[in-house]
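S.K.: Note that the working numbering has the sequence shown beginning at 18, numbered continuously upward.
We put the beta carbon where it would ideally sit given N, CA and C, even for glycine.
If you're wondering where the values come from, they're calculated on a predicted model, not measured in any experiment.
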Amino acid sequence: MISLPQAAPRVAKLTALSIGVALLATACGGSSTPSQTGTTTPAASGIACPAPSATAGSTTAPGAGGSVPASTTTTETPLKIGSLLPTTGSLAFLGPPEIAGVNLGIKEVNDAGGVLGKPVEVIHRDSGDTKTDIATQSTTALLGSGVSAIVGAASSGVSKTVINQITGAGVIQFSPANTSPDFTTWDDKGLYWRTAPSDVLQGKVLGNYMATCGAQTVGMIVLNDAYGTGLAKNVKEAFEAAGGKVVAEELFNEGDSQFSSQVDKVLAAKPDAIALITFDQAKSIVPLMTGKGVKATQMFMVDGNTSDYSKDFQAGTLKGAQGTIPGTFAKDDFKKKLLAIDPALKDYSYAGESYDAVNLIALAAEAAKSTKGTDIAKQLKAVSEAGEKCNDYASCVTLLRNGKDIDYDGQSGPVTFSDAGDPTEAYIGIYEYQDDNTYKPSKEEFGKL
Numbered sequence: 018m019i020s021l022p023q024a025a026p027r028v029a030k031l032t033a034l035s036i037g038v039a040l041l042a043t044a045c046g047g048s049s050t051p052s053q054t055g056t057t058t059p060a061a062s063g064i065a066c067p068a069p070s071a072t073a074g075s076t077t078a079p080g081a082g083g084s085v086p087a088s089t090t091t092t093e094t095p096l097k098i099g100s101l102l103p104t105t106g107s108l109a110f111l112g113p114p115e116i117a118g119v120n121l122g123i124k125e126v127n128d129a130g131g132v133l134g135k136p137v138e139v140i141h142r143d144s145g146d147t148k149t150d151i152a153t154q155s156t157t158a159l160l161g162s163g164v165s166a167i168v169g170a171a172s173s174g175v176s177k178t179v180i181n182q183i184t185g186a187g188v189i190q191f192s193p194a195n196t197s198p199d200f201t202t203w204d205d206k207g208l209y210w211r212t213a214p215s216d217v218l219q220g221k222v223l224g225n226y227m228a229t230c231g232a233q234t235v236g237m238i239v240l241n242d243a244y245g246t247g248l249a250k251n252v253k254e255a256f257e258a259a260g261g262k263v264v265a266e267e268l269f270n271e272g273d274s275q276f277s278s279q280v281d282k283v284l285a286a287k288p289d290a291i292a293l294i295t296f297d298q299a300k301s302i303v304p305l306m307t308g309k310g311v312k313a314t315q316m317f318m319v320d321g322n323t324s325d326y327s328k329d330f331q332a333g334t335l336k337g338a339q340g341t342i343p344g345t346f347a348k349d350d351f352k353k354k355l356l357a358i359d360p361a362l363k364d365y366s367y368a369g370e371s372y373d374a375v376n377l378i379a380l381a382a383e384a385a386k387s388t389k390g391t392d393i394a395k396q397l398k399a400v401s402e403a404g405e406k407c408n409d410y411a412s413c414v415t416l417l418r419n420g421k422d423i424d425y426d427g428q429s430g431p432v433t434f435s436d437a438g439d440p441t442e443a444y445i446g447i448y449e450y451q452d453d454n455t456y457k458p459s460k461e462e463f464g465k466l
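1) Let me know the secondary structure DSSP gives V303 once reduced to three states.
2) Give every residue of the same chain whose Cβ lies closer than 7 Å to the Cβ of G47, excluding the five residues on either side of it in the sequence, and list them in chain order.
3) Apart from the five residues on each side of it in sequence, which residues of its chain come closer than 8 Å, Cβ to Cβ, to E405?
4) Which one of G321, T388 and A411 has the shortest CA to CA distance from Q219?
5) Using the DSSP secondary-structure output, state which residues sit across from A381 in a beta bridge.
6) Select from D452, V137, E383 and F256 the residue whose C-alpha is nearest the C-alpha of C230.
7) Kindly list the residues whose CB is nearer than 8 Å to the CB of K282, restricted to its own chain and excluding five residues on each side of it in sequence; keep chain order.
8) Sorted by chain position, which residues of the same chain lie with C-beta nearer than 6 Å to K363's C-beta, five sequence neighbours on each side aside?
9) Nearest-angstrom Cα distance between G261 and V137?
10) Please report the Cβ distance between Y226 and S173, rounded to the nearest whole angstrom; I am assuming they are in contact, meaning their Cβ atoms lie under 8 Å.
11) Using only the alpha-carbon positions, how far apart do S165 and D453 sit?
12) Which of the three DSSP states is assigned to Q233 in this structure?
13) What do you get for P26, buried or exposed, if any count of 16 or more other CB atoms within 10 angstroms of its CB means buried?
14) According to DSSP, which residues form a beta bridge with V168?
15) Among D436, Y444 and R418, whose alpha-carbon lies nearest the alpha-carbon of Q428?
16) What's the call for N251, buried or exposed, on a 16-neighbour Cβ count within 10 Å?
17) So for G46, helix, strand or coil by DSSP?
18) Can you confirm whether the region 199 to 214 touches the region 376 to 394 when touching is taken to mean that 3 or more C-beta pairs between the two stretches lie within less than 8 Å?
19) State whether the region 329 to 340 contacts the region 377 to 386, with contact taken as three or more CB pairs (one from each stretch) at a distance under 8 Å.
20) Answer with buried or exposed for Q315, where buried requires no fewer than 16 other C-beta atoms within 10 angstroms of its C-beta.
21) Starting from V283, follow the alpha helix (DSSP H) in both directions and report where the run begins and ends.
22) Going by DSSP in three states, E449 sits in which element: helix, strand or coil?
23) Between the region 103 to 115 and the region 138 to 154, do three or more beta carbon pairs fall short of 8 Å?
24) Write down the C-beta distance between V217 and P193 rounded to the nearest angstrom, noting that I regard them as a contact closer than 8 Å.
25) Pull up the DSSP beta-bridge partners for C407, would you.
26) Below 7 Å between beta carbons: does that hold for P440 and P288?
27) Kindly indicate the opening and closing residues of the alpha helix (DSSP H) around Y456.
28) Which of the three DSSP states, helix, strand or coil, is assigned to E266?
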């Protein structure tokens, strides 16, 4: 960490983040200090976040046109990909966009002729959450079906229950949403990969961002699992490195239904801002906080709970609250493609990461000239770096079949993998809630790990 004089302004301190986060925020404007309605109401000291950037809603750069040449190598064993994504449990809201991303990827791969001369097959199974054994049962079924790779799980806690089962079978586990730093050093035989960046990055961005909004103190309500505590640790480190102080940190366990104790203890510390590091427990926690006078502008959410609450809360409940989701904003043309797959989509969280996972697996299989999981894994890093840029399966596989090295840049960002299977650079999107309790893109921040 760069040493700064004590008199250095807060904004100067924020430039000292060692992971290289490039802040895109502009100057702050306005003030939103909540009125005092009781002794437990946080005393926000001028929460006023940077104005939104102008990056949202653009389109994706088109891939290369032209016909796709036939593969020079064919396979007797078609590539079979499984998905282990949530359709039940506390992260079920993430299932639809992730499954749509997988299905769109499969469709585009097969529209371009498939992998090694054969259409790719996909099998979907529910991951549930850590309160059930659904993930283990689903994994057993997928492995029994002969998949070479499994896209999932969404929850880091769920992935920990099945990662050894999957990688021990010589099958790739490729998560679009796992963010726990623990997977970076996991003994996975080179078979665990992810398109979502480690929470080292999301935590740094969120902690830093709350400070740019003027918060000097923060309280946190945290899910006590690998995801929650890992993210909270990095949020705290970044916020305190920026000159702030975490004045309360209250934990709860998966399966808990009562959160009054945690809320009361956090509010008693009178923080300027409150970070909710939860899954769908936010549906119970938010009303408890607003009922005690907490303003939405004091609330900062994360990828586990930045969701559509239009049917859960009264209009205006979350207006001005903000949340972070790893990955770049879903662009308009990509959303249209996803809606053609699933017209009921409301959220797009991790759809790009899921789509990219399918494309990378398919491209690595082409590069390996094999549909065997261990062979595919050896090519995943190579297709993500140091070659000719391309951003969809058709354009990338055309380059591969013409003998070119490729560098896949996807819907989630530049992707480039480390030896551990982690993205080495990524965007974190910051979203702001509207009056109808849905969220819209506000700004993107880029970082390297």
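M.R.: Straight from the coordinates:
1) Here residue 303 refers to the residue found at position 286 of the sequence shown. Looking at V303 - three-state DSSP - the assignment turns out to be helix.
2) One-based indexing of the sequence shown puts residue 47 at position 30. Residue placement at G47 is flagged as unreliable, the pLDDT there being 33, under the threshold of 50; the coordinate-derived value follows with that caveat. Only A65 meet the Cβ criterion.
3) In the sequence shown, residue 405 corresponds to position 388, counting from 1. L416, K421, D422, I423 and D424, listed in sequence order.
4) Locating residue 219 in the sequence shown gives position 202, counting from the first residue. If we check each option's Cα against that of Q219, G321 comes out closest.
5) For this step, residue 381 is matched to residue 364 along the sequence shown. DSSP lists no partner for A381.
6) Translated into positions along the sequence shown, residue 230 becomes position 213. If we check each option's Cα against that of C230, F256 comes out closest.
7) In the sequence shown, residue 282 corresponds to position 265, counting from 1. Answer for K282: A265 and E267, listed in chain order.
8) Here residue 363 refers to the residue found at position 346 of the sequence shown. Result list for K363: D325, in chain order.
9) The sequence position of residue 261 within the sequence shown is 244, counting from 1. The sequence position of residue 137 within the sequence shown is 120, counting from 1. Answer to the nearest angstrom: the Cα atoms are 50 Å apart.
10) Walking along the sequence shown from the start, residue 226 turns up at place 209. Walking along the sequence shown from the start, residue 173 turns up at place 156. The pair is not a contact, with the Cβ atoms about 22 Å apart (cut-off 8 Å).
11) Numbered from its first residue, the sequence shown carries residue 165 at position 148. Numbered from its first residue, the sequence shown carries residue 453 at position 436. About 43 Å.
12) Locating residue 233 in the sequence shown gives position 216, where the first residue counts as 1. The answer is coil: DSSP assigns Q233 none of H, G, I, E or B.
13) Against the sequence shown, residue 26 aligns to sequence position 9. Per-residue confidence for P26 stands at a pLDDT of 35, beneath the threshold of 50, marking its modelled position as unreliable; the derived number appears in the next sentence. It counts as exposed.
14) In the sequence shown, counting from the first residue as 1, residue 168 sits at position 151. In DSSP, V168 forms a bridge with S100 and F191.
15) Against the sequence shown, residue 428 aligns to sequence position 411. Comparing Cα-Cα distances from Q428 to each of D436, Y444 and R418, the minimum goes to Y444.
16) Along the sequence shown, one-based indexing puts residue 251 at 234. Flag for N251 reads buried.
17) What you label residue 46 is simply residue 29 of the sequence shown in a count that begins at 1. Summary for G46: the model assigns pLDDT 33, below 50, so the residue's position carries little reliability; its value from the coordinates is reported in the next sentence. The answer is coil: DSSP assigns G46 none of H, G, I, E or B.
18) yes
19) no
20) Along the sequence shown, read from residue 1 onward, the residue named residue 315 stands at position 298. By the neighbour-count rule (16 or more Cβ atoms within 10 Å), Q315 is buried.
21) In the sequence shown, the residue the question calls residue 283 occupies position 266. Element bounds for V283: S277 to A285.
22) If you number the sequence shown from 1, residue 449 lands on position 432. Strand.
23) yes
24) Here residue 217 corresponds to residue number 200 of the sequence shown, with the count starting at 1. Here residue 193 corresponds to residue number 176 of the sequence shown, with the count starting at 1. Not confirmed; about 18 Å, so no contact.
25) By one-based count along the sequence shown, residue 407 stands at place 390. In the DSSP output, where bridge partners are listed per residue, C407 has Y425.
26) Counted from its first residue, the sequence shown places residue 440 at position 423. Counted from its first residue, the sequence shown places residue 288 at position 271. No, they are not a contact pair.
27) In the sequence shown, the residue the question calls residue 456 occupies position 439. Per DSSP, Y456 belongs to no alpha helix (DSSP H); it is in the beta strand (DSSP E), Y456 to K465.
28) Position 249 of the sequence shown, counted from the first residue, corresponds to residue 266. Strand at E266.
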